[in-house]
Structures are given as C-alpha cells and as structure tokens.
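Asks:
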Amino acid sequence: MDEELAWETGGLLPLERQLHEAARRNHVGRMKELIGRRVNVRARNHVCTGAPAGDSAMVGRVALHWAAGAGHEQAVRLLLEHKAAVDDEDVFGMNALLLSAWFGHLRILQILVNSGAKIHCENKDGLTLLHCAAQKGHVHVLAFMMEDLEDVALDQADKLGRTAFHQAVEHGQLDALDFLVGSGCDHSVKDKEGNTALHLAARQGHLAVLQRLVDVRLDLEEQNAEGLTALHAAAERIHPDCVQLLLRAGSSVNALTQKKQSCLHYAALGGSEVMARALIHAGGCTNVADRQGASPLHLAVRHNFPVLVQLLIDSGSDLDTTDHRQQTPLHLAAEHAWQDIAEMLLVAGVNLNLRDKQGKTALAVAARSNHVSLVDMIIKADRFYRWEKMAAALLGSAPQDRLSCRDPSDPCGKSLTFKQDHQQETQQLRSVLWQLASRYLRPHEWKKLAYCWEFTEAHVLAIEQQWTAGADTQCPHIELKEKSCR
516 MDEELAWETG
526 GLLPLERQLH
536 EAARRNHVGR
546 MKELIGRRVN
556 VRARNHVCTG
566 APAGDSAMVG
576 RVALHWAAGA
586 GHEQAVRLLL
596 EHKAAVDDED
606 VFGMNALLLS
616 AWFGHLRILQ
626 ILVNSGAKIH
636 CENKDGLTLL
646 HCAAQKGHVH
656 VLAFMMEDLE
666 DVALDQADKL
676 GRTAFHQAVE
686 HGQLDALDFL
696 VGSGCDHSVK
706 DKEGNTALHL
716 AARQGHLAVL
726 QRLVDVRLDL
736 EEQNAEGLTA
746 LHAAAERIHP
756 DCVQLLLRAG
766 SSVNALTQKK
776 QSCLHYAALG
786 GSEVMARALI
796 HAGGCTNVAD
806 RQGASPLHLA
816 VRHNFPVLVQ
826 LLIDSGSDLD
836 TTDHRQQTPL
846 HLAAEHAWQD
856 IAEMLLVAGV
866 NLNLRDKQGK
876 TALAVAARSN
886 HVSLVDMIIK
896 ADRFYRWEKM
906 AAALLGSAPQ
916 DRLSCRDPSD
926 PCGKSLTFKQ
936 DHQQETQQLR
946 SVLWQLASRY
956 LRPHEWKKLA
966 YCWEFTEAHV
976 LAIEQQWTAG
986 ADTQCPHIEL
996 KEKSCR
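Quick note, the numbering used here runs 515 ahead of the 1-based positions in the sequence shown.
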C-alpha cells in the first residue's frame, strides 16, 4: 500500500459508490444524506486480484476502510453510529484498525478500539498492529499500543517469521527500531529464512539502521539458511557503504555461504570495483573457489567487468585456476569474445597450454567460435612469450625475471599489447605481407611459411579452421610475423 488507499469502485451501485467517495473525502453531509436514503454502509467494492469474477477473494473494501485509511474522524464516527462493522476485512485481510495503524492515524485507532475493535487482529500476511506501525515508522502509534493496550505481543511473528522489529529494520525506520529496542524486543530472533535484523538492514542498504544494530552488538557472523552473513547480504545487493561499515565492525571477510561463495564472489558478480577493493584491502582472498569451481576472477570475466578483472589481476589472483569445466578465465574470455579482458589476461602472462574438459585450449575455443581477433591475439601472445623465454635463456635471466629482457627503449615493449596492429610505422610491412599471402603464394603455401617462422601446429590449425574455406583461400595471418618479432 502507498500513502493512501488505491481508489476502486467496481461492483458498487451508483449510490454506494457515492457513499464510498464521500467517506474517502470526509464529506459528512453527503454521507448523512445517502445513509438517510438507506444506502448500505457495509457495501463492498471489488478489488481485482486475478481471481475469477464472483470469487470471494474479489470482495473488497467498505466505506469504513476509506474513512479510517484517510484519517477522517467525523466520517468514521458517523459510520460506526450507523452500524458499520468495525472488524470488516478487505481482500488482503486489512480491517479499519490495521489501516489506521498503517497510515499512522492514532485518533482513528483510539476510536476504533473504544468501539470494540479486536486489537489482536492480523492481515493475510500475518501483519499485526505492531507490524503495520513499525513498518511505516509511526512511533506514536507504537507508544499507544505498548502503553494503553493489553497483552500486546511485542515479538509476534508474521507468516515470514518476522517481528515488528524486523519490519522496522527492513524498511529503514530508525526511530521505530529505537522504540522497540527500548521496549525490550528480542534482537536476535530470525525469520523463516534464517535472516536476522542485520541481514535485512544490510540487504536493503539502510546504513544508519545497520550502524545502530552493530551498536547493540548483534552477532555479525550469524548465517541465514543459505549460509549468508550480513556482510554477504550487503555485498550481494551491492551496498559498498554497508560493506565497509561491517568490515570496520569486524565482520569476517572470507566467510563462505552454502555455495562456498565469499563476499568477493558477490562483488565480482555485481561488478563493483569499490566494494571489491574494500574487501581485498580487508584481506579478502582472491583465489577461493565456489561449488562450481569459479573464483572471483572467473565471475568477473564471465560477466564482462574489465575494470574488476584488472583489479583482481593486480591483486594477485591465480590466472590459471580452473572451474568445474576445467576452464580458466582465458577460456571464458575466448568463449564470450571479450577482447579487452583477454588482452589483460594475455599481458599478465597466463598459461596458454591448459585444456578444458573437452581437451581444448583457449586458442581452440576462440577458433571454434570463429572469434578471429581473439585467435590472432592468442597466437601473438604465445609466440611472444616463447620468444621471450628463449631470449631470457640466452641472456641467462632467471625465470621470474623473464620480462627484464624487454628493451626499455622499444616503444612497443613499454605498452605491451596483442591486439590488431594499426600503427602507421608498420603499415607498409603489413601491406607487403598481405600482398605476399593473397597474391603470390599458391594454395597451402602459407603453411610452409608459417612453419618456417615457427608457428606451432596448434597455431596453424586455429588459422586454418577460420580462414580456409576453399582451395584458393589464402591466409591473412601471415602478418603475424611482424607482430611476433617484438
């Protein structure tokens, strides 16, 4: 429900519709006139809920509901004087008393209580007067109920297992929360999904409420039925401020859910660099694998978040870790044709020889999917690192110092890239090589030249898979020679 009841007039006779309208607008004179003409004060409209026409579930609101929901004291009194049923419910189980609590009309609530309304009522979702007032933050209504009504169950749960305390927290009602805490409510109670108040505040991103719950020392590591802590809940819904608050309060950054997912997995799924950076700074493990064997890097690659991928690479993520399909992050980048991400992984120095469950390398995956540019990039990277390894061996460099053999005076070496070459200074060479491949080599002679230039069998197969459609087809990948000589 919004700030006022949605106006519905279906199923009413013309004069009954006028009575409802008069009650909603507090036109008491018109109400008296219509009641004098014996218009039924208990006539109901029909609320469309998807139920078949004529179904009892279609029975809606009476005039008293409109008057109570709008806070019109005179209209309420007039209807009660003319035998309006004080406990009539609408299709949602809301009666006039619940509506007055929901909309914060204390005086109407008092009138209805004095007229014999049942104070221990609840709607079809199990919401009581306390739930309604707490959810909407009506502290004055809560105070009246706790001080003037008898046998009010402070910790009564609705059908989701949530108390008024849960409702105040979930809807960000800080004053209502403080009142309920001061009244002695149970702070630690869980709903039917195992959520504590901390989970609900973190999930909804209510920072001030979350801080208050931390201050009353709720257990930060309590898990719900899916194994999520409040920190997981905040990370799942991408609330960086809540994540940072919980981290400062001492939440375990590496706690795992039932699916073996850490908070960093959720940051990767949501693509939040700010949140991921905070988690890593707090000691979040970048290499933990979930039940599917996926690391945060796998997820960031799969969902195409380049900035997050670079952050995880820079933070020491294992580039060669494999998931349950034995796929590395590069396999995923090749499968989805994420060129920018593939470039990051290639420049970082991944193992290009790893195979997935189908026995395919990342190069083979890219070739199978006809991702021409990616095939080109992977071959360049493979040839470059082979050359670099050989150069390091000749220079006597240690394996961990292999990059030191790059010439710092070489502008290409300063910004390593394996993307297609569009540099002006290499245009003439690329043109010559293209002419050679497309005009002067006979069919399949490109292979001889490729092997002469030490392209591997895997390189040739990947090239051939994409570019040989007939006997006269030539290979545009001959220009790789120029690119591989860095």
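A virtual CB, placed ideally from N, CA and C, is assigned to each residue, including glycine.
(1) CB-CB under 6 Å to R677, same chain, minus the five flanking residues each way: which ones, in chain order?
(2) So, helix, strand or coil for A572, using DSSP?
(3) Note down, in chain order, each residue of its chain lying with its Cβ closer than 7 Å to the Cβ of L722, except the 5 sequence neighbours on either side.
(4) Between M661 and N629, what straight-line distance do the alpha-carbon atoms span, to the nearest angstrom?
(5) For A1003, is the classification buried or exposed, using 16 other Cβ atoms within 10 angstroms of its Cβ as the cut-off for buried?
(6) Quick one: is Y966 buried, meaning 16 or more other Cβ sit within 10 Å of its Cβ, or exposed?
(7) In the segment 837–864, which residue ranges form an unbroken beta strand (DSSP E) of at least 3 residues, counting only runs that do not cross its ends?
(8) Which same chain residues, not among the five before or five after L594, have their C-beta less than 8 Å away from its C-beta?
(9) Closest to K872 by CA distance: which of D838, I893, L612 is it?
(10) Note down, in chain order, each residue of its chain lying with its Cβ closer than 6 Å to the Cβ of G742, except the 5 sequence neighbours on either side.
(11) DSSP three-state label for H561, please.
(12) Decide if A712 is buried, meaning its Cβ has at least 16 other Cβ atoms within 10 Å, or exposed.
(13) What's the gap between the Cα of D829 and the Cα of L812?
(14) Would you mind stating whether A649 and A691 have Cβ atoms separated by less than 8 Å?
(15) Could you tell me the distance, in whole angstroms, from the CA atom of A611 to the CA atom of F618?
(16) Specify the secondary structure class of A770 as computed by DSSP and reduced to three states.
(17) When you compare only the Cα positions, how much space is there between I626 and L823?
(18) For N819, which of M859, E531, L869, G808 has the nearest alpha-carbon?
(19) Rounded to whole angstroms, what is the Cα-Cα separation between H653 and V684?
(20) Restricting to runs no shorter than 3 residues, where is the beta strand (DSSP E) found entirely within the segment 761–821?
(21) Determine the direct distance from the alpha carbon of R592 to that of K598, and round the result to whole angstroms.
(22) Is it true that the CB of L867 sits closer than 8 Å to the CB of T876?
(23) So is D701 buried or exposed if we call it buried at 16+ other beta carbons inside 10 Å?
(24) Have a look at H542 and K651 and give me their C-alpha separation to the nearest angstrom.
(25) Note the first and the last residue of the continuous alpha helix (DSSP H) segment covering F694.
(26) Leaving out five residues on either side along the sequence, give the residues of the same chain with a beta carbon under 7 Å from the beta carbon of N710.
(27) Assuming G584 contacts L614 (C-beta within less than 8 Å), just tell me the rounded distance between them.
(28) Beta-carbon separation of A748 and H714 under 8 Å?
(29) Considering only heavy atoms of the ligand MN, does any lie closer than 7 Å to the CB of R592?
(30) Kindly provide the ranges of any beta strand (DSSP E) runs that are 3 or more residues long and lie completely inside the segment 583–665, ordered along the chain.
(31) My understanding is that A672 touches C647, with C-beta atoms under 8 Å, so please give their C-beta distance in whole angstroms.
(32) Quick one: what's got a C-beta closer than 7 Å to V731's C-beta in the same chain, skipping five residues either side?
(33) Could you check the C-alpha separation between Q533 and K674 for me, to the nearest Å?
(34) Is the distance from the Cβ of H959 to the Cβ of I894 below 8 Å?
(35) Return yes when the Cβ of V862 is within less than 8 Å of the Cβ of T843, no when it is not.
Replies: Reading from the atomic positions:
(1) Cβ neighbours of R677 within its own chain (closer than 6 Å, five residues either side excluded): D706.
(2) Interpretation of A572 is limited by its pLDDT of 45, a score under 50 that renders its predicted location unreliable; no figure is taken from the coordinates.
(3) Once the five neighbours on either side are set aside, the close Cβ partners of L722 are D756, C757, L760.
(4) When rounded, the distance between both Cα atoms is 16 Å.
(5) Limits of the chain in this structure are 516 at one end and 1001 at the other, which puts residue 1003 out of reach.
(6) The residue is exposed, with fewer than 16 neighbouring Cβ atoms inside 10 Å.
(7) Counting only runs of 3 or more, we get nothing.
(8) Annotation for L594: A538, M546, V556, A578, L579, A582 place their beta carbon closer than 8 Å to its own, counting only its chain and skipping 5 residues before and after.
(9) That would be D838, whose Cα lies nearest to the Cα of K872.
(10) Contacts found: T772, Q773.
(11) In the structure shown, H561 sits in a strand (DSSP, three-state: E or B).
(12) Buried.
(13) Answer to the nearest angstrom: the Cα atoms are 11 Å apart.
(14) The Cβ atoms of A649 and A691 lie closer than 8 Å to each other.
(15) The alpha-carbon atoms of A611 and F618 are separated by roughly 11 Å.
(16) It is coil, neither helix nor strand.
(17) Going by the C-alpha atoms only, they are around 59 Å apart.
(18) Closest by alpha carbon: M859.
(19) The alpha-carbon atoms of H653 and V684 are separated by roughly 13 Å.
(20) DSSP assignment within the segment 761–821 yields no whole beta strand (DSSP E) run of 3 residues or more.
(21) Computed Cα separation, rounded: 10 Å.
(22) Note that the C-beta distance between T876 and L867 is below 8 Å.
(23) If you draw a 10 Å sphere on the C-beta of D701, you find fewer than 16 other C-beta atoms in it, and that means exposed.
(24) If you take the alpha carbons of H542 and K651, they lie about 27 Å apart.
(25) First-last of the alpha helix (DSSP H) with F694: 689–697.
(26) These residues qualify, in order along the chain: N739.
(27) Taking 8 Å as the upper bound for CB-CB distance, G584 and L614 are in contact here, some 4 Å apart.
(28) Result yes, Cβ atoms of A748 and H714 sit closer than 8 Å.
(29) Here there are no bound small molecules, and the ligand MN is not part of this structure.
(30) As far as the segment 583–665 is concerned, it has no whole beta strand (DSSP E) run of at least 3 residues.
(31) The distance from the Cβ of A672 to that of C647 is about 14 Å, inconsistent with a contact at the 8 Å cut-off.
(32) Within the same chain, V731 has close Cβ partners V696, H702.
(33) Their backbone Cα atoms lie some 36 Å apart in a straight line.
(34) In this structure, I894 does not lie closer than 8 Å to H959 by Cβ.
(35) With contacts defined as CB atoms closer than 8 Å, T843 and V862 fail to qualify as a contacting pair.
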